[in-house]
Amino acid sequence: MSLRATARVVAAADGTLPVLQSDGPFALRRTRSTDAYTRVTVVGAMSAPLGGDELTLEARAEDGARLAVNAAAATMALPGRTPAPAHYRVRLAVGADAVLRWLPEPLVSARGSDLRAHTTVELAATARLVLREEQILGRHGEEPGTLATRLTVHRAGRPLFDQELRYGPGAPGGWDGPAVLAGRRAVGQLLVVDPDLAEKPVAAGVLAETAVVTPLAGPAALVSALAEDALSLRRVLDEALAALAPI
Numbered sequence: 010m011s012l013r014a015t016a017r018v019v020a021a022a023d024g025t026l027p028v029l030q031s032d033g034p035f036a037l038r039r040t041r042s043t044d045a046y047t048r049v050t051v052v053g054a055m056s057a058p059l060g061g062d063e064l065t066l067e068a069r070a071e072d073g074a075r076l077a078v079n080a081a082a083a084t085m086a087l088p089g090r091t092p093a094p095a096h097y098r099v100r101l102a103v104g105a106d107a108v109l110r111w112l113p114e115p116l117v118s119a120r121g122s123d124l125r126a127h128t129t130v131e132l133a134a135t136a137r138l139v140l141r142e143e144q145i146l147g148r149h150g151e152e153p154g155t156l157a158t159r160l161t162v163h164r165a166g167r168p169l170f171d172q173e174l175r176y177g178p179g180a181p182g183g184w185d186g187p188a189v190l191a192g193r194r195a196v197g198q199l200l201v202v203d204p205d206l207a208e209k210p211v212a213a214g215v216l217a218e219t220a221v222v223t224p225l226a227g228p229a230a231l232v233s234a235l236a237e238d239a240l241s242l243r244r245v246l247d248e249a250l251a252a253l254a255p256i
């Protein structure tokens, strides 16, 4: 039987959480903070997403709020009893003068799974965002499942970024070829949106052998990285995070 679940968190400028609603596999927990951020950790309460599941995770930082969201463990996409794909939707909203740091653990595409993941972000003109996405294609020693991911970001009602990626048996040919992944199984990106980048844009450059930073109109910067494994990928993205997003 497929699962439908929606979890929600809303952070206010005074540091409170007017909404902290867990559901299905998402157990949301407020965690201790040593800085100005209100912190929430997503804890997996069951195995998900499985084939046919419809999962949604929503987070909103209201005007002036500072919200940091992380996860206790990786998300594992697994095959289910039905051949239908699973859908995993993340919907983020950041108000005026608010900051959202969205730093989950990796998404692992296990053999036989079929997942469609879509993250949408709505930003006010003065909002700030730090968003990390990591995909691990297959567990150790296995081929990946079918994975389609999309990240769509709007700022002040206008498109800022829209990217779709596909991997695995259901993806177009060449996804694992020398011009794309070249056999690597860890892929990730770090998106930083900050009004200050309008005056001091990030310069395009190479961060590592298979990692680059690209300035975006917005103002924003995108780090794209490939790696042999999850640990190597996280190391590159952490270095980029420290350099680009001290907010």
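When you line the sequence shown up against the numbering used here, it's residues 10 to 256, in that order. C-beta atoms are modelled at their ideal positions from N, C-alpha and C, and glycine is treated no differently.
Terminal residues of the beta strand (DSSP E) in which residue i lies
{"i": "E248", "result": "Taken as a continuous stretch (DSSP letters only), E248 belongs to no beta strand (DSSP E), being part of the alpha helix (DSSP H) at 239 to 253."}
{"i": "A20", "result": "13 to 20"}
{"i": "D123", "result": "123 to 132"}
{"i": "S118", "result": "116 to 118"}
{"i": "L29", "result": "28 to 30"}
Through-space distance from residue j to residue i, alpha-carbon basis
{"i": "A229", "j": "A212", "result": "11 Å"}
{"i": "D62", "j": "K209", "result": "43 Å"}
{"i": "G192", "j": "E152", "result": "11 Å"}
{"i": "A45", "j": "R75", "result": "7 Å"}
{"i": "V78", "j": "G227", "result": "23 Å"}
{"i": "H163", "j": "R69", "result": "14 Å"}
{"i": "L140", "j": "L231", "result": "10 Å"}
6 Å Cβ shell around residue i - same chain, five flanking residues per side excluded
{"i": "T161", "result": "T129, D171"}
{"i": "M55", "result": "P34"}
{"i": "R100", "result": "E67, T129"}
{"i": "A220", "result": "A234, V245"}
{"i": "A126", "result": "Y97, T158"}
Close-in-space but distant-in-sequence residues of the same chain around residue i (CB under 7 Å, 5 per side omitted)
{"i": "G150", "result": "none"}
{"i": "A21", "result": "P27, E71, A74"}
Contact set for residue i: own chain, Cβ-Cβ below 8 Å, skip 5 residues either direction
{"i": "V18", "result": "L26, V28, L29, Q30, L37, V49, E67, A68, R69, L76, V78"}
Continuous beta strand (DSSP E) assignments of at least 3 residues falling wholly in the stretch 33 to 113 | DSSP assignment within the stretch 33 to 113 yields the following whole beta strand (DSSP E) runs of 3 residues or more, N-terminal first: 35 to 40, 47 to 53, 63 to 70, 75 to 80, 84 to 86, 95 to 103, 108 to 112.
Counting Cβ pairs closer than 8 Å, one from the stretch 82 to 92 and one from the stretch 163 to 183, do we hit at least three?
-> Cβ pair count under 8 Å is below three, so no.
What are the complete beta strand (DSSP E) segments, minimum 3 residues, inside the stretch 142 to 228?
-> Counting whole runs of 3 or more residues, the stretch 142 to 228 contains the beta strand (DSSP E) stretches 155 to 164, 167 to 176, 195 to 202, 214 to 217, 220 to 225.
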